[in-house]
Amino acid sequence: MGRLADGFCTKSRVLSAVLLLSLYGCGASNPTPPAVPTPPNSPQSTVALTVNTVADTDQAAVKTVIALRDQGKLSQANTTTIENWLAFVATTDKQIAAILAKPEPWAAQKVEIYTLLATVTAPTIAGTIDPAAQVIITQIMTLLNTIKTQVVP
Amino acid sequence: MEWLTIAMQLEPAIPGIVASLKALFGRHPALADPAAQQAFVANLAKAAISTDDATLAIIAADQAAHPTK
Chain A
306 MGRLADGFCT
316 KSRVLSAVLL
326 LSLYGCGASN
336 PTPPAVPTPP
346 NSPQSTVALT
356 VNTVADTDQA
366 AVKTVIALRD
376 QGKLSQANTT
386 TIENWLAFVA
396 TTDKQIAAIL
406 AKPEPWAAQK
416 VEIYTLLATV
426 TAPTIAGTID
436 PAAQVIITQI
446 MTLLNTIKTQ
456 VVP
Chain B
429 MEWLTIAMQL
439 EPAIPGIVAS
449 LKALFGRHPA
459 LADPAAQQAF
469 VANLAKAAIS
479 TDDATLAIIA
489 ADQAAHPTK
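As they're listed, the protein sequences go chains A and B.
Counting from 306, one number per residue, gives the positions in the first sequence under my numbering.
Counting from 429, one number per residue, gives the positions in the second sequence under my numbering.
Written out as structure tokens, the structure reads:
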């Protein structure tokens, strides 16, 4: 009886050890899979993201210019000049968005967008303007130039 | 584009949320799929046009209220 019990205990210990080893082995044979690299955006996606940023920035710029005028920091004449330019930027941005939405090859879209952007230049402001208004113009010109570099032939 | 519309509404309260979400969605793995890319571009274009239209309306209203002498 004693020998039988001893044998049973020995077998149990061996089985436990095998079970533990197999569990450890399972963990070791299934390492964490390597992270899948994020695919790069298509050129259209990159331009579309910038075009959308231009739209947001342009609208924020209009609100800032109006606020500066209302605070007496910008003359009505300069406000109108900047607003007219911001309206031109909004119209151009809309045209670029419309080009991107067309079912055309990217090569054709690039040329159309590049040609369109060639017409945009910074506004001519009479005298010195509030630094905040100048920053707005610079920001938008930088964004438009970013699009230009993204579509350069 | 629903997430963008919501983010734009939240932007005044949480500055930078639009840019953050755009960066996040702009790198979404689903964009590896050309059809998803195309839909993504179309939605962004639609959102940009909508924002630009609103901007033009703000300018028109302001210039009507403050005509240049």
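Where a beta carbon is used, it is the ideal one built from N, C-alpha and C, also for glycine.
Because the structure is a prediction, the values reported are computed rather than measured.
Pair within 7 angstroms by beta-carbon distance, residue i and residue j
i: Ser347/A; j: Gln437/B; result: no
i: Ala406/A; j: Ala476/B; result: no
i: Ile430/A; j: Asn389/A; result: no
i: Val356/A; j: Ile401/A; result: yes
i: Val446/B; j: Ser350/A; result: no
i: Lys368/A; j: Asp480/B; result: no
i: Val394/A; j: Ile418/A; result: no
i: Ala438/A; j: Leu484/B; result: no
i: Val359/A; j: Leu448/A; result: yes
i: Thr397/A; j: Val425/A; result: yes
i: Ile371/A; j: Asp490/B; result: yes
C-beta neighbour in chain A for residue i, strict 7 angstroms
i: Ala464/B; result: no
i: Asp490/B; result: yes
i: Ile445/B; result: no
i: Thr496/B; result: yes
i: Ile524/B; result: In the structure displayed, chain B extends from 429 to 497; residue 524/B sits before or after that span and is not available.
i: Ile442/B; result: no
For residue j and residue i, believed in contact at Cβ under 8 angstroms, the rounded distance
i: Ala427/A; j: Ile442/A; result: 6 angstroms
i: Gln414/A; j: Thr496/B; result: Actually they do not touch by this definition, with Cβ atoms about 37 angstroms apart.
i: Gln364/A; j: Ala482/B; result: 6 angstroms
i: Asp435/A; j: Leu354/A; result: No, Asp435/A and Leu354/A are not in contact; Cβ-Cβ is about 30 angstroms, not under 8 angstroms.
i: Leu449/B; j: Ala435/B; result: 5 angstroms
Min CB distance residue i to chain B below 7 angstroms
i: Ala365/A; result: no
i: Thr447/A; result: no
i: Val356/A; result: yes
i: Thr433/A; result: no
i: Ile442/A; result: no
i: Asp398/A; result: yes
i: Ile452/A; result: no
i: Gln455/A; result: no
i: Ile430/A; result: no
i: Ala438/A; result: no
i: Ala402/A; result: yes
i: Ala372/A; result: no
Under 9 angstroms (Cβ pairs) to chain A, residues found in the segment 469 to 485 of chain B: Val469, Ala470, Asn471, Leu472, Ala473, Lys474, Ala475, Ala476, Ile477, Ser478, Thr479, Asp480, Asp481, Ala482, Thr483 and Leu484
Members of the segment 405 to 427 of chain A near chain B, C-beta cut-off 8 angstroms: Here the close residues are Leu405 and Ala406.
Where the segment 377 to 390 of chain A meets chain B: residues whose CB sits under 7 angstroms from a CB there: Gln381, Ala382, Thr385 and Glu388
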